[in-house]
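Trainee: Okay, here's the structure, questions in a sec.
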Amino acid sequence: MVPSNPSPPKLLDQVRTVARVKHFSLSTERSYVSWIRRFILYHHKQHPQNMAETEIRQFISHLAVDAKISASTQTVALSALLFLYRDVLKKDLPYISNIERAKASKRLPVVRSSPDVYSFTRHVSVFVVREIYYVPTAIELNELQNPER
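See below:
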């Protein structure tokens, strides 16, 4: 016997369904569900339908200030919430301004110039350089592939 008044799917199940219809990757779907769950818990399990840009701004700013997440992670969290409101709840949001943004990392990759490398190799024995840049010879490869010989 089929119930006469089935309950509508839960919010996070709706999020999963819409993400699958839009062909999101499984990792994106899981990430979005996780951020939406954190958003709901942050606001004491209040339903997102009853919240708007003020609560989104509070949550995203909290992530930057208190949770100290990276700028890219904060962007993913904001994208998840915008997906929730625009695509799942079908609720238009005005532009969300005055969000405290996480500071982007200022780390630069280390690139060595040719004189630096030359100076380094002059002061290090050939043996150490061979260990750092080890490339096995054909005989060594054969021994690795056939250890019983």
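The numbering used here applies: residue 11 is where the sequence shown begins, and numbers increase by one. For each residue, glycine too, the CB sits at the ideal point set by N, CA and C.
Going by DSSP in three states, Y128 sits in which element: helix, strand or coil?
Mentor: Residue numbering aside, residue 128 sits at position 118 when the sequence shown is read from its first letter. Helix, per DSSP.
Trainee: Spatial neighbours of L42 within its chain, please: CB distance less than 7 Å, with the 5 preceding and 5 following residues excluded, ordered by chain position.
Mentor: The sequence position of residue 42 within the sequence shown is 32, counting from 1. Reading the sequence as shown, one finds Tyr at residue 42 and not Leu. Here the set comprises V25, A29, A90, F93.
Trainee: Taking the straight line between their C-alpha atoms, what separation do you get for S37 and V86?
Mentor: One-based indexing of the sequence shown puts residue 37 at position 27. One-based indexing of the sequence shown puts residue 86 at position 76. Distance between the alpha carbons of S37 and V86 is about 12 Å.
Trainee: Can you tell which of R117, Q84, A62, F49 has the C-alpha that lies nearest to the C-alpha of K10?
Mentor: Given a span of 11 to 159 for the chain in the structure shown, any question on residue 10 remains unanswerable.
Trainee: So for Q68, helix, strand or coil by DSSP?
Mentor: Residue mapping note: residue 68 aligns to position 58 of the sequence shown, counting from 1. DSSP places Q68 in helix when its eight states are reduced to three.
Trainee: Can you find the residues in the same chain that come closer than 6 Å, C-beta to C-beta, to Y52, ignoring five residues on each side of it along the sequence?
Mentor: Position 42 of the sequence shown, counted from the start, is the residue given in the question as residue 52. So the list reads F69, once near-sequence residues are dropped.
Trainee: Kindly list the residues whose CB is nearer than 7 Å to the CB of I109, restricted to its own chain and excluding five residues on each side of it in sequence; keep chain order.
Mentor: Walking along the sequence shown from the start, residue 109 turns up at place 99. Closer than 7 Å at the Cβ level, and outside the excluded window around I109, lie R67, I70, S71.
Trainee: Taking 7 Å as the limit between beta carbons, can you name the residues of its chain near L88, skipping five residues before and five after?
Mentor: Taking the first residue of the sequence shown as 1, we reach residue 88 at position 78. Same-chain partners within the cutoff: I70.
Trainee: Could you have a look at L22 and say whether DSSP puts it in helix, strand or coil?
Mentor: As a working note, residue 22 is residue 12 in the sequence shown. In the structure shown, L22 sits in a helix (DSSP, three-state: H, G or I).
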